[in-house]
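Okay, structure first, notes after.
Numbering (the working numbering), first residue to last: 13 to 552.
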């Protein structure tokens, strides 16, 4: 057995590969080890250890990672192999795919829509095969949604779990339905609800088909509603449908028994939130919590942050209801219980707290993503449970971005915003896969995969967009480190060009200024954003 060293032009780093033979061993991409091997196979295949300051192997084995060196006096190959195998066993992977915005109305005539509505959903891919190819400014044809799942499966066939930050339905859902249906959604709500349910069921079924063993964790986006944009009604038929459609994917992991994940040695059903509690909170408000498979003493809280948005209107529900306050009370109970039990919390949401960069650019003034009073309440919770809340993942903006929470001058919480499958806002379709440490839940790395538009019908050639540790070799996925990226965006540092390129998944250049991008990344409240912008303007 010998050690083969390769330098990659893209990363300008050296990676060491422990292999039985060096022939044909040069990697195609720096991210190959991330994108093409499932965690269950990782130890069986070539062990790729990148010797960098943030190397996950260095984290797992400390200075012992250097045992893979071929220098004189190094331990035996057997010891090195054992060390590498133990290290890779701690590395897990999960997928995050957001903002599908499936548009089954795209390109259809009324007659075609009527045929679709009457057909079993198993026939829908064939019936929608003639939809226009995806293009900037429109939501996703079914073929784009299916191709994103197919590509994700080819890269990460056996993820520990899959996070879905919401917006399954196209923008303007009720209006698009009314343009093609013989009777409007308000005149025949039963037919409208049935069609919408079938669309949600189709997405869930295709995800389960692609990933039969993975636990799937969805949250709702602002377009996911019978009523309309930002109009999810609490304790409504839509939330009841959401809970019923997704419950099997949240709990069953493709197994028929009640011991969820037992085939993979993961947390059992007895360690997960009960189905009863899931149904109760998901159907009441679209939020719930589960234990993360593969992680001990970690819990994921799936939030419905649509209630927190300034645009939210309970137009179809009880006007006296207070869904946002009810959810915050529940969230505080969950955080208190986690602190008591020694659990770490991941947050999954659609709309992150902070400032809307594109909305701010368009309006000419800071546009908060959450209602200011709810942002303040959230910051109080983060301060109270700083040691409990580990990280957050969100969607909504359609861009590849970050948000930070800073308290008392310290950056304490990182929210990773993942790109969208839908290209409606001028972004290329994209999704991300993450590497994390199964022992402590830390995010180690992620890869972004994109589809460059325009494409011909059916010609979906997804590509490796970038890998975090390659694009930002001096950063780690922590709040203090990513704050350095925000500073570079503002001052024109070396990482600014990379960030602005990847922001839209290498789509058309964003019209949003680096000042807005950087200040939005670094600041949560309107006041902080204004102060940041004034400081940047004063330096020019």
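In this text, a Cβ means the ideal position worked out from N, Cα and C, and glycines have one as well.
Backbone CA spacing between residue i and residue j [nearest angstrom]
| i | j | result |
| --- | --- | --- |
| residue 64 | residue 493 | Reliability fails at residue 64, whose pLDDT of 35 lies under 50, so the model's placement of it is uncertain and the value that follows must be treated cautiously. Looking at the two C-alpha atoms, the distance is approximately 16 Å. |
| residue 385 | residue 417 | 15 Å |
| residue 179 | residue 496 | 31 Å |
| residue 487 | residue 481 | 7 Å |
| residue 522 | residue 252 | 38 Å |
| residue 103 | residue 158 | 28 Å |
| residue 262 | residue 333 | 28 Å |
| residue 457 | residue 483 | 11 Å |
| residue 499 | residue 412 | 17 Å |
| residue 368 | residue 471 | 33 Å |
| residue 203 | residue 115 | 17 Å |
| residue 250 | residue 244 | 8 Å |
| residue 363 | residue 132 | 33 Å |
| residue 342 | residue 184 | 30 Å |
| residue 156 | residue 135 | 16 Å |
| residue 432 | residue 143 | 20 Å |
| residue 172 | residue 461 | 18 Å |
| residue 356 | residue 395 | 15 Å |
| residue 325 | residue 337 | 14 Å |
| residue 547 | residue 377 | 16 Å |
| residue 354 | residue 419 | 22 Å |
| residue 528 | residue 545 | 7 Å |
| residue 344 | residue 393 | 7 Å |
| residue 507 | residue 286 | 45 Å |
| residue 404 | residue 365 | 10 Å |
Closest by C-alpha distance to residue i, when choosing among the options
| i | options | result |
| --- | --- | --- |
| residue 12 | 207, 322, 259, 366 | A query on residue 12 cannot be resolved here, the shown segment of the chain reaching from 13 to 552 and no further. |
| residue 463 | 147, 173, 292 | 147 |
| residue 160 | 107, 200, 199, 128 | 107 |
| residue 233 | 204, 299, 261, 226 | 299 |
| residue 230 | 501, 471, 290 | 290 |
| residue 151 | 118, 465, 197 | 118 |
| residue 189 | 394, 128, 427 | 128 |
| residue 176 | 376, 226, 422 | 226 |
| residue 247 | 450, 347, 330 | 330 |
| residue 359 | 429, 513, 215, 466 | 429 |
| residue 216 | 187, 238, 255, 199 | 255 |
| residue 170 | 402, 466, 153, 220 | 220 |
| residue 12 | 381, 143, 214, 301 | The requested residue 12 does not occur in the structure, where the chain is confined to residues 13 to 552. |
| residue 449 | 308, 414, 419 | 308 |
| residue 525 | 504, 199, 187 | 504 |
| residue 399 | 350, 297, 162 | 350 |
| residue 120 | 141, 105, 389 | 141 |
| residue 109 | 397, 442, 473 | 442 |
| residue 388 | 293, 511, 536 | 536 |
Close beta carbons around residue i, own chain, < 6 Å, minus the five adjacent residues each side
| i | result |
| --- | --- |
| residue 371 | 379 |
| residue 122 | 192 |
| residue 530 | 498, 501, 502 |
| residue 113 | 151, 152, 179, 182, 434 |
| residue 196 | 190 |
| residue 304 | 310, 312 |
Delimiting residues of the beta strand (DSSP E) encompassing residue i
| i | result |
| --- | --- |
| residue 202 | Unbroken run through residue 202 is the alpha helix (DSSP H), 201-222; no beta strand (DSSP E). |
| residue 338 | Where residue 338 is concerned, there is no enclosing beta strand (DSSP E), although the alpha helix (DSSP H) it sits in stretches over 335-353. |
| residue 425 | 422-429 |
| residue 286 | Run containing residue 286: none; DSSP gives neither H nor E here. |
| residue 636 | Nothing can be reported for residue 636: it is not among the residues displayed for the chain, which extend from 13 to 552. |
| residue 261 | Careful: residue 261 lies outside any beta strand (DSSP E), inside the alpha helix (DSSP H) at 249-263. |
| residue 474 | Here residue 474 belongs to no beta strand (DSSP E), and DSSP marks it neither H nor E. |
Neighbourhood of residue i by C-beta distance below 8 Å, restricted to the same chain and skipping five residues each side
| i | result |
| --- | --- |
| residue 124 | 139 |
| residue 83 | Only weak support exists for where residue 83 lies, its pLDDT of 44 falling under 50; the coordinates are left without a value. |
| residue 436 | 113, 148, 149, 150, 151, 183, 410 |
Contacting residues, own chain, Cβ-Cβ under 7 Å from residue i (five flanking each side not counted)
| i | result |
| --- | --- |
| residue 468 | 145 |
| residue 490 | 426 |
| residue 516 | 411, 438, 439, 440, 522 |
| residue 402 | 356, 357, 358, 453 |
| residue 422 | none |
Residue i: first and last residue of the uninterrupted alpha helix (DSSP H) it sits in
| i | result |
| --- | --- |
| residue 487 | Residue 487 -> no alpha helix (DSSP H), and no H or E assigned at all. |
| residue 159 | 154-167 |
Checklist entry - Which runs of the beta strand (DSSP E) spanning at least 3 residues fall entirely within the segment 368-418, listed in chain order? => result Segments of the beta strand (DSSP E) lying fully in the segment 368-418: 401-406.
Item to check | Contained beta strand (DSSP E) runs [length at least 3] in the segment 171-195, N- to C-terminal order | outcome: Counting only runs that start and end inside the segment 171-195, the beta strand (DSSP E) elements of at least 3 residues fall at 173-176.
Checklist entry - In chain order, which continuous runs of the beta strand (DSSP E) of length 3 or greater are located wholly inside the segment 438-463? => result Listed in chain order, the complete beta strand (DSSP E) runs (minimum 3 residues) inside the segment 438-463 are 442-449, 455-462.
Item to check | Whole runs of the alpha helix (DSSP H) within the segment 493-552, excluding any shorter than 4 residues | outcome: Entirely contained in the segment 493-552, the alpha helix (DSSP H) runs reaching 4 residues are, in chain order, 508-515, 526-534, 538-551.
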